[in-house]
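Residue numbers (our numbering): -5 to 515.
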């Protein structure tokens, strides 16, 4: 809130000020005092404003202080030169009340600026995100604004305000800036001026009924975006420029805290993927154009994998570090951090993802770091990315519930359980169970046999006697005998495709409802 004496002199430049600093360490001043009586002791933090005739009323001028004399005479000048006081002499006559008002207003503006800075810092320290900061800035500057990155994606803007300007973003807009307007702005040189200037700039545009004030956001001396304020609710003031500069530093700090947004600035790919997931772009032509530039639609097959930390491991190693390791492990750069998860997109002409040693290493890493991975189905068009992202989240949820020791879950293996989850809200799933299998469960309980488990393994082995016998480590004929005995007990033929499907479906229903162990398979 303090102001340097030289700054005050600059403010009074029209009155031909003459400044002398006898004690530089006392040049910072917190307020101005109008001298109209005797001053026994000077406060070095105050500026004493007086006319030459009142200067004699200030006693003890051998201590540090600051004095502003309006229309000084020779006597006061000679006396001043013999003191330790910092002083400004105004050599052009003016009413002392006018000078006092000018200086007093400067201090009021300084205090107001300090209060605004305090509110912005508090918004940053609240840790409520970019939107909270920009909403607080709207209250401070009393005009709406938005934050844009270098590719003109809107990161945050003040919602529910009536701006009446064609450049203002809305939730309904597919893309904030149209190509034509962007080209017009670029041709006008506004972006070049904005990102080269060290100070905020104020611009008028032919298509806009209002003025705009903008300033760049930088991190480590690198331009990463800008904040634009529209003059729609009150006229801009000189102090707004300084507040905007400070706001840009606050936003830069927030973006460095929020690694998702900070990483976005360095990757058009990440922008595009997050825009798809958040449905900020929905028009097929726009998506196709951006996907083509990123070479995401030049291959035949796409696959999405999402890695999630376990809830109890949320405070473990930073995801940014884990992401780098996963990128190297899977030899990919097409990954993003999004909502406390790592999402990876694989693109290839062949279905050759997560095979062999790579899958084994990933599985070991996930297990050792208490993480899980959900793998979507293959798909062929990036337009449908969100659908398969949701698949990867759902299969992780189901996998952790049904087979937590696996750590990698494929949607193809769990899609039937997803179907059951949706059906269970309307039906009792056990009513769809094959009664023959329920009879076999009762038979095992009564006669202490293990036919239910044998049948389950046989069905999972694609009804291969050889595969099933290898799992049980018995002779093939022994396995054949067990299956024949099951057919006799139930009075069915396992050569019937529909019967085998119904039995396997029943096994899966019992697994989903949590009765796998009690059913003996």
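Ideal Cβ placement from N, Cα and C applies to all residues, glycine included.
Opening and closing residue of the alpha helix (DSSP H) in which residue i lies
i           : result
residue 388 : 379 to 396
residue 242 : 232 to 251
residue 36  : That residue, residue 36, is in no alpha helix (DSSP H); it is neither H nor E in DSSP.
residue 18  : Counting along the chain, residue 18 falls outside any alpha helix (DSSP H), and DSSP gives it neither H nor E.
residue 469 : Where residue 469 is concerned, there is no enclosing alpha helix (DSSP H), given that its DSSP letter is neither H nor E.
residue 25  : Looking at the DSSP string, residue 25 is not in any alpha helix (DSSP H); the run it does join, the beta strand (DSSP E), is 25 to 28.
residue 425 : Careful: residue 425 lies outside any alpha helix (DSSP H) and carries neither H nor E.
residue 6   : That residue, residue 6, is in no alpha helix (DSSP H); it is neither H nor E in DSSP.
residue 282 : 278 to 287
residue 95  : 90 to 119
residue 502 : 491 to 506
residue 130 : 124 to 135
residue 264 : 262 to 271
Contacts around residue i, its chain only, beta-carbon distance under 8 Å, and the 5 residues preceding and following it disregarded
i           : result
residue 239 : 193, 194, 209
residue 172 : No answer about residue 172 holds up, because its pLDDT of 48 lies below 50 and its placement is not dependable.
residue 481 : 487, 488
residue 107 : 233, 236, 237
residue 455 : 461, 462, 465
Closest by C-alpha distance to residue i, when choosing among the options
i           : options            : result
residue 0   : 226, 29, 41        : 41
residue 161 : 200, 463, 136      : 200
residue 249 : 121, 301, 282, 237 : 121
residue 371 : 356, 357, 387, 280 : 387
residue 104 : 345, 22, 33, 91    : 22
residue 355 : 364, 323, 108      : 323
residue 368 : 290, 404, 215      : 404
residue 485 : 302, 433, 468, 263 : 433
residue 399 : 363, 381, 379, 413 : 363
residue 187 : 302, 220, 202      : 220
residue 453 : 215, 437, 491      : 491
residue 475 : 459, 465, 464, 467 : 459
residue 313 : 365, 297, 267      : 365
residue 112 : 467, 241, 468, 358 : 241
residue 247 : 43, 115, 109, 320  : 115
residue 57  : 46, 124, 37        : 37
residue 276 : 183, 320, 373, 379 : 379
Residues of its chain near residue i, where Cβ-Cβ distance is below 7 Å and the 5 sequence neighbours each way are ignored
i           : result
residue 507 : 423, 424
residue 278 : 377
residue 234 : 135, 207
residue 13  : -1, 0, 3, 82
residue -4  : 22, 23, 24
residue 126 : 117, 120
residue 152 : 128, 129, 132, 138, 139
residue 321 : 327, 329
In DSSP terms, what residue i is bridged to
i           : result
residue 57  : For residue 57, which the question treats as bridged, DSSP gives no partner whatsoever.
residue 347 : Answer is none; residue 347 lacks a bridge partner.
residue 404 : 369
residue 143 : 219
residue 196 : 207
residue 11  : 84
residue 342 : 295
residue -2  : 22
residue 224 : 206
residue 329 : 338
residue 465 : Answer is none; residue 465 lacks a bridge partner.
residue 44  : 63
residue 443 : Beta-bridge pairing links residue 443 to no other residue.
residue 212 : 217
Any C-beta of chain C under 9 Å from that of residue i
i           : result
residue 356 : Although the question refers to chain C, the structure presented lacks it and comprises just one protein chain.
Cβ shell of residue i (< 6 Å), same chain only, five flanking positions each side left out
i           : result
residue 259 : Its pLDDT being 44, under 50, residue 259 is placed unreliably by the model, and nothing is read from it.
residue 256 : Interpretation of residue 256 is limited by its pLDDT of 47, a score under 50 that renders its predicted location unreliable; no figure is taken from the coordinates.
residue 11  : 3, 82, 84
residue 409 : none
residue 411 : 392, 506
residue 337 : 300, 330
residue 189 : 210, 217
residue 310 : Low confidence applies here, because residue 310 scores a pLDDT of 49, under 50, leaving its location unreliable and the question unanswered by this model.
residue 498 : 453
residue 169 : Caution is warranted here: a pLDDT of 41 is assigned to residue 169, below 50, making its placement in the model unreliable, and the coordinate value is therefore given only provisionally. Nothing meets the Cβ criterion.
residue 496 : 428
Unbroken beta strand (DSSP E) run spanning residue i, endpoints
i           : result
residue 84  : 80 to 84
residue 299 : 295 to 303
residue 151 : 148 to 151
Cβ contact (3+ pairs, closer than 8 Å) linking the segment 417 to 429 and the segment 442 to 449: Judged by Cβ distances under 8 Å, the segment 417 to 429 makes no contact with the segment 442 to 449, as fewer than three pairs qualify.
Cβ contact check for the segment 76 to 83 and the segment 92 to 99: 3 or more pairs under 8 Å: The segment 76 to 83 vs the segment 92 to 99: no contact.
Contact between the segment 83 to 95 and the segment 54 to 69 (3+ Cβ pairs under 8 Å): Pairwise C-beta distances place the segment 83 to 95 in contact with the segment 54 to 69, as three or more of them are shorter than 8 Å.
Stretch-stretch touch, CB-based, cutoff 8 Å, three pairs: the segment 406 to 421 with the segment 329 to 339: Verdict: no, contact absent.
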